[in-house]
Amino acid sequence: MSIVREPRSIARKFLARPQQEGLGAVVRRSIGRFELRYFDPFIVLDEFSVSAPAGFPDHPHRGFETVTYMLQGAVTHEDFDGHKGTIKAGDLQWMTAGRGVIHSEMPATEGIQKGGEPLGEPIAQLGPFVMNTQEEIDQTIEDFENYTNGFEKARYWRSQARVELGY
Ligand SMILES: [Mn+2]
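To convert, note that position 23 of the sequence shown is 23 in full-length UniProt numbering; the numbers rise steadily by one, no gaps.
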């Protein structure tokens, strides 16, 4: 572990404005917005404050890990591999998207989402997919659309949250 001996100056300040995400959800994105595209190893840092029925229903990920830390309330995670669980204030969930996952995160009261240690890898990102090259992004879209290479279970799976929402 390194110890910071010299205070570092603030390089840049900007406002993480609220933006729409998921279904009627609003997030304040700091890392991952125009002013701070990447902050290795973090791709996105979202702070969200969401009440039911808003949330983040069924959506895909590939190529990175998500860490969700709850400050207040609770959020229920479901994924197409049959994992389901609810995290509450003070709980942390770490999910490895690996080569593909579809999951839902519903509903949350308040939380924060971020990723791990510096990787120094090239990054190609398109929405919920984070890879190293544009070719891999293109392949991911193809896999997602054709339910292949990790997205096989996406064809028929629907989260219970989504079924309850009726769409
Ligand atoms: Mn997600």
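Even for Gly, the Cβ is constructed at its ideal location relative to N, Cα and C. Bear in mind that the values here come from a model prediction, so they are computed numbers and not experimental data.
Using three-state DSSP, classify residue i as helix, strand or coil.
i, result
"ASP138", "helix"
"GLU164", "helix"
"PHE144", "helix"
"GLU65", "strand"
"ALA11", "coil"
"ARG74", "Arg is not the amino acid found at residue 74; the sequence shown has Ala there. In the structure shown, ALA74 sits in a strand (DSSP, three-state: E or B)."
"ALA25", "strand"
"GLU121", "coil"
"residue 190", "Lying before the first or after the last residue shown, residue 190 is absent from the chain, which here runs from 1 to 167."
"GLU152", "helix"
Sorted by chain position, which residues of the same chain lie with C-beta nearer than 7 Å to residue i's C-beta, five sequence neighbours on each side aside?
i, result
"THR140", "ARG62, PHE129, MET131"
"THR96", "GLU65"
"HIS88", "The residue you asked about is not His; residue 88 is Lys in the sequence shown. Counting only Cβ-Cβ distances below 7 Å, and skipping sequence neighbours, we find MET70, ALA74."
Excluding sequence positions up to five away, which residues of its chain have a Cβ less than 6 Å from the Cβ of residue i?
i, result
"TRP100", "Note on residue identity: the sequence assigns Gly, not Trp, to residue 100. For GLY100, where only same-chain residues beyond five positions count, the Cβ hits under 6 Å are ARG62, GLY150, PHE151."
Is it the case that the Cβ atoms of residue i and residue j are separated by a distance below 7 Å?
i, j, result
"GLU105", "VAL75", "yes"
"residue 252", "ALA54", "Here the chain has residues from 1 to 167 only, and residue 252 is not among them."
"ILE123", "TYR38", "yes"
"ASP40", "PRO118", "yes"
"ILE31", "VAL50", "no"
"HIS77", "GLY85", "yes"
"ARG155", "TYR147", "yes"
Comparing the C-beta of residue i with each C-beta of chain B, is any distance below 7 Å?
i, result
"ARG8", "Of the chains in the structure shown, none is chain B; there is only one protein chain."
Going by beta carbon distance, what residues of the same chain come within less than 8 Å of residue i, once the five residues before and after it are set aside?
i, result
"THR133", "PRO122, ALA124"
- Message: Beta-carbon distances below 7 Å to any heavy atom of ligand 1 define the shell here; list its residues in chain order, please.
- Response: That query returns the following residues: PHE56, HIS59, HIS61, THR66, HIS103, GLU105, PRO128.
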